[in-house]
Amino acid sequence: MILQVDHISKAFGEHRVLDNVCFTVDSGEAVALLGNNGAGKTTLLRIITRLLVADEGSVLFDGHPLVQDDLRHIGYLPEERGLYRNMRVGEQALYLLRLKGLSRREAEESAKRWFATLGMEEWWNTPVRKLSKGMQQRLQFAVSVAHSPRLLILDEPFSGFDADNAAVLRTSLSTLRSQGTAIILSTHNLQAAADLCDKTIRL
Numbered sequence: 714m715i716l717q718v719d720h721i722s723k724a725f726g727e728h729r730v731l732d733n734v735c736f737t738v739d740s741g742e743a744v745a746l747l748g749n750n751g752a753g754k755t756t757l758l759r760i761i762t763r764l765l766v767a768d769e770g771s772v773l774f775d776g777h778p779l780v781q782d783d784l785r786h787i788g789y790l791p792e793e794r795g796l797y798r799n800m801r802v803g804e805q806a807l808y809l810l811r812l813k814g815l816s817r818r819e820a821e822e823s824a825k826r827w828f829a830t831l832g833m834e835e836w837w838n839t840p841v842r843k844l845s846k847g848m849q850q851r852l853q854f855a856v857s858v859a860h861s862p863r864l865l866i867l868d869e870p871f872s873g874f875d876a877d878n879a880a881v882l883r884t885s886l887s888t889l890r891s892q893g894t895a896i897i898l899s900t901h902n903l904q905a906a907a908d909l910c911d912k913t914i915r916l
């Protein structure tokens, strides 16, 4: 078992966003988080990635309480995407991957491999500001997986994607699952959840 979410609760003031949420994710398994806007999906993902602290409950990673160092084994694609617009695409990818603990050589080799997979090779030296929204999303997806995470967390990854980009993402996720990567997918796309995930958690 890669991840165990154990009785997580969270409130903001009088508003209880999460109430006693429990689920597990195994290697190669994909779990969909479903719920209306405001149901707490993003809040839960931020707790799992240590951006927020739960009021109650715990998160276990590989059988132990999740600690900061475990984040090196987690890939996270947030819904609120953020890139340095004046950096070149390759430079941006290397910078973010180095933050995950990769050496420059490891970062470059892995980034270029994923750029090839996602059809992005020609954009390596292009300023980020010149990318379309879809290509920026491909870049952020590449960075979220290029350090070979054991757990990949995606918050509304299909938002704003056209059909071609969505197809590339679906194929990539299927490949990652076959390689043992565990996936948590927060989405409004019920068809994507049905096609890609083994089970759903409703919040």
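For the sequence shown, this note's numbering begins at 714 and goes up steadily by one. Quick reminder that beta carbons are idealized off the backbone N, C-alpha and C, glycines included.
Pair within 7 Å by beta-carbon distance, residue i and residue j
i, j, result
"K723", "D768", "yes"
"D719", "G770", "yes"
"A855", "L886", "no"
"G753", "V730", "yes"
"A906", "T900", "yes"
"T794", "Q717", "The sequence shown places Arg at residue 794, rather than the Thr named in the question. No, Cβ-Cβ distance for R794 and Q717 is not below 7 Å."
"R817", "M833", "no"
"A820", "L807", "yes"
"L790", "L909", "no"
"H860", "L810", "yes"
In DSSP terms, what residue i is bridged to
i, result
"R729", "A724"
"P840", "R801"
"I715", "BP columns for I715 are empty, so no partner."
"V772", "V718"
"I787", "L864"
"I896", "A743, L865"
"K912", "V744"
"V734", "I721"
"H777", "F774"
Expected contact under 8 Å - CB spacing of residue i and residue j to nearest Å
i, j, result
"D911", "E792", "That pair is no contact at about 22 Å."
"G788", "V858", "5 Å"
"A745", "T913", "4 Å"
"G803", "A824", "7 Å"
"L916", "V734", "7 Å"
Cβ neighbours of residue i in the same chain (closer than 6 Å, five flanking residues each side left out)
i, result
"L765", "R759"
"N902", "F871"
"N878", "G847"
"D783", "F774"
"Q827", "Residue 827 is actually Trp in this sequence, not Gln. The answer, listed in chain order, is A855, A859."
Cβ shell of residue i (< 8 Å), same chain only, five flanking positions each side left out
i, result
"L864", "I715, L716, V738, F774, H786, I787, G788, T894, A895, I896, I897"
"M848", "M833, W836"
"V881", "L831, G832, R851"
"L781", "Per the sequence shown, the amino acid found at residue 781 is Gln instead of Leu. So the qualifying residues of the chain are R763."
Any non-hydrogen atom of the ligand GTP within 6 Å of residue i CB
i, result
"F828", "Only the bare structure without any ligand can be found here, which leaves the ligand GTP out of the picture."
Within 8 Å, do at least three Cβ pairs link the segment 835-842 to the segment 797-805? The answer is yes - the segment 835-842 touches the segment 797-805, with three or more Cβ pairs under 8 Å.
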